[in-house]
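Some notes on the structure that comes next.
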Amino acid sequence: MAERSRYVDSAENFYNATRPTAVDDLIRSLMKKKSAVERINDTGEEGSWKHSLPRVAEVIRNAGLSDVFVSLEFNPPQYGQRRADVLLSGYKDGTPSVLVIELKQWSTATWDPTNEWVSEIAARYGNVEHPVRQAFGYAQMVQHYIEGFHPEEASVETAAYLHNATTHSLQSLKSAGQWYADRLFSGDAAGDAAFDAFLKGRFDNVNGRVVAEALENNDPRMSKDILESAGEIFQNPDAFPLSEEQREVVNDIQKKFNDALDPRSPRGKTIIVVNGKPGSGKTWICMNLLGKEAASGRQVSFATNSTSLRETLKKVANRTKESKPVSAMITSARTYWKEEMWGSRDLLIVDEAQRINEWTVRTGQRNRKDIQEELEQFNMTQLRELANTAKVLVLMMDDLQQTTANDYLTTEKVKEVADLIGADFQLYELEEQHRSGGSKTFEAWVDSLVDDVPTVWHDEENFWVKVADSPAEMERILEEHSAEDPRIMAGFCWPWTTKDPETGKPFRHVDDVPYDIVIGDWSIQWNLRNNAEGYPKADLWAFNEKGARQAGSIFSGQGFEFDYCGVIMGPDLRYDATQARLKPDYQGSEYGTLKQVAKREEKEGVPTDAKDSALQRFRNGYRVLLTRGMKGVVVYSTDPATQELLKSIVNPE
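Under full-length UniProt numbering, read the sequence shown as residues 1 to 653, first letter to last.
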């Protein structure tokens, strides 16, 4: 058993395994099942287990629930590497019952109602989520993403046990609200008595093995509630409006999807590619497909390797349906390597698919040698894993938006895999432009600027371009449009300080964050790695109005649009008069991984204009940044020759 957990057994056996003479063996067993990277990054979990597990075992035993089953370190489907501390499985009045328990060694903690986090604890990252809320997240994943545990099928509850705390020391945490207070238990006599009553109210002392086995082995299928909620959110015509061209593509894909699911159809898998340049509406097509098929009760998920896009869409889902984990339908394309996911979806929609990696890394920065060798032996690429997951795979992509060192997929490579696995292949090309005032001329001008002989630009009725004399002037121009939430973005040519050098932890105060981008006497902060004082972390920089006070990069800006934006071009793309075009220079970049690849390709003699070369990705990065604006863009280059070029070709007299 124990497919998703690192330990599963009866409460009686769990109690025996946590006694002083046996607990070290249990902990060694748990540690062996952690990956090498997890063991390296261990932050005292071994000690936590040794102190916490015996205490919770005693509470369960004292409640007279020796036949209930206990699961440790449970990892729900589609929840990344996160693991719940303890799950209890059994029955109450004949109905399957599950309780997720979050364990903490805190003796005291303070609830911060303004920021809705817990502070004044010895936590690694300073501020953390309420422990009851942590357990609730796991419970929601069990209830809505594992077959047999949906709301109409089982009871799934939440609790947090702080065995070093007293009833008095938990008063601040209980002030988060009655729902939290009812599920939060201390380790003193009063707390243990309350926890005892709570447990007896949720379990009868009958054998819970069948429920525990179902938790480990049942298919990862979404509940009806989740699909209905997703249908409401993502079919919203106000949030995700479609043009006629986009609507035709959605309708045609739906027809092909229905054909592929028809049991009488001779087809096997279907892979669909939708190609479109920046502003063609690929994400809107994704959301409408997701909403329509979810509303029809189909098992459907959305995936992207763009963390910023993923986090923003999760925010939309959470804000709309906070009581249900609809946001878990918004996933990373790197999470489908587990075989339990293969065949679990009718439809998988992938946005920014050019960002799919060649191989999925299981944990850490790279795979273990034996794992990587096996992947290569069976050619089990990330794309193959995605194709294995669903009957129909839809990929939204633009080969010219490959911007990071790990972006791998092209339309040509998709076609090769479709042929290899015998899948039906369909290709759509989007022609419309909905960004940049709908200007196809601007789209062509950007292409010529970053990747050809630059041409002249003249402002159009619905879109303008300005060249600022300095970053300060760029700010002044954008301030004239402050009501429309403009953004400044820059090439990744300046260091990004993400942690306080004195503490080694993320910055807690925005005023402590250095102004890393310095140009003359002007400076600005990069977007933050982590939230601080209401300022968004990088992944939500585009979504939060305070992001306008900091500069974004290709990592936080790709996939988003703003009415007005400023783009600072750094020394990684400069005008070369001998070639009469802009030329990438990796020496001017602070993007370490891409620089390393560019250096290696230089030694290997890879053509600098190769479509998938590292140098081409510097060009692509600026192509993406320059096409974020809906109404106008302000440009400035730190390179004098490039700045002179821009002045000469933008609205010349």
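Virtual Cβ for every residue (Gly too), placed ideally from N, Cα, C.
Since the model is a prediction, treat every value here as computed from it, not as a measurement.
Query: Classification of H144 by the beta-carbon crowding that lies within 10 angstroms, buried from 16 upward; Result: buried
Query: Backbone CA spacing between N13 and L65 [nearest angstrom]; Result: 12 Å
Query: Host alpha helix (DSSP H) of P349 (start-end); Result: In the sequence on display, residue 349 carries Ile and not Pro. Per DSSP, I349 belongs to no alpha helix (DSSP H); it is in the beta strand (DSSP E), 345 to 350.
Query: Cβ-based neighbour list, F492, same chain, cut-off 7 Å, excluding 5 preceding and 5 following; Result: S553, I554, S589, E590, Y591
Query: Cβ shell of T167 (< 7 Å), same chain only, five flanking positions each side left out; Result: S186, D188, A190, G191
Query: Cβ pair count under 8 Å reaching 3, the region 217 to 229 against the region 272 to 289; Result: no
Query: Complete runs of the alpha helix (DSSP H) confined to the region 230 to 283 [at least 4 residues]; Result: 244 to 261
Query: C-beta atoms of P471 and W522 nearer than 8 Å; Result: yes
Query: Q354 vs Q426 beta-carbon contact at 8 Å; Result: no
Query: Contacts around E245, its chain only, beta-carbon distance under 6 Å, and the 5 residues preceding and following it disregarded; Result: E432
Query: Own chain partners of R334 with C-beta closer than 8 Å, once the 5 adjacent residues on each side are dropped; Result: N305, N357, T360, V361, Q382
Query: S637 (DSSP reduced to helix, strand or coil); Result: strand
Query: Residue environment, D42, which counts as buried when at least 16 other CB atoms sit within 10 Å; Result: Interpretation of D42 is limited by its pLDDT of 48, a score under 50 that renders its predicted location unreliable; the figure taken from the coordinates is listed afterwards. Result: exposed.
Query: Stretch-stretch touch, CB-based, cutoff 8 Å, three pairs: the region 248 to 266 with the region 198 to 217; Result: no
Query: Paired residues, beta bridge with Q426 - DSSP; Result: I272
Query: Cβ distance (whole Å) where V394 is taken to contact V350 below 8 Å; Result: 7 Å
Query: Unbroken beta strand (DSSP E) run spanning G80, endpoints; Result: Careful: G80 lies outside any beta strand (DSSP E) and carries neither H nor E.
Query: Residue nearest to W284 in terms of C-alpha spacing, selected from E45, D238, P454, K631; Result: D238
Query: Assigned secondary structure, K600 (DSSP; H/G/I helix, E/B strand, else coil); Result: Note that residue 600 is Arg in the sequence shown, not Lys. Helix at R600.
Query: Meets three-Cβ-pair contact criterion under 8 Å: the region 65 to 82 and the region 178 to 185; Result: no
Query: Unbroken alpha helix (DSSP H) run spanning S48, endpoints; Result: 45 to 62
Query: R529, DSSP secondary structure in three states; Result: coil
Query: Same chain, Cβ closer than 7 Å to E147, five either side skipped, listed in chain order; Result: N218, D219, R221
Query: Whole-angstrom distance between R366 and V206, CA atom to CA atom; Result: 45 Å
Query: Alpha carbon of L173 to alpha carbon of L615, nearest angstrom; Result: 52 Å
Query: Buried versus exposed call for N620 [16 or more other C-beta atoms within 10 Å across all chains shown]; Result: buried
Query: T497 versus V118: straight-line alpha-carbon distance, rounded; Result: 25 Å
Query: Exposed unless 16 or more other CB atoms sit within 10 angstroms - verdict on V8; Result: buried
Query: Top-ranked residue by Cα proximity to residue 661, from T312, F378, D370, L290; Result: No statement about residue 661 is possible, as the shown extent of the chain runs from 1 to 653 and does not include it.
Query: Delimiting residues of the beta strand (DSSP E) encompassing R487; Result: 487 to 490
Query: Euclidean distance between Cα positions of R39 and R368; Result: Caution applies to R39, whose pLDDT of 46 falls short of 50 and renders its modelled position unreliable; the value that the coordinates give is listed next. Rounded to whole angstroms, R39 to R368 spans 14 Å at the Cα level.
Query: Y591 (DSSP reduced to helix, strand or coil); Result: coil
Query: Three-state secondary structure (DSSP) of A468; Result: coil
Query: Proximity winner among D419, R574, T593, E73, relative to A641 (alpha-carbon distances); Result: R574
Query: Residues bridged to C565 [DSSP beta-bridge criterion]; Result: R487, V633
Query: C-beta atoms of V446 and T627 nearer than 8 Å; Result: yes
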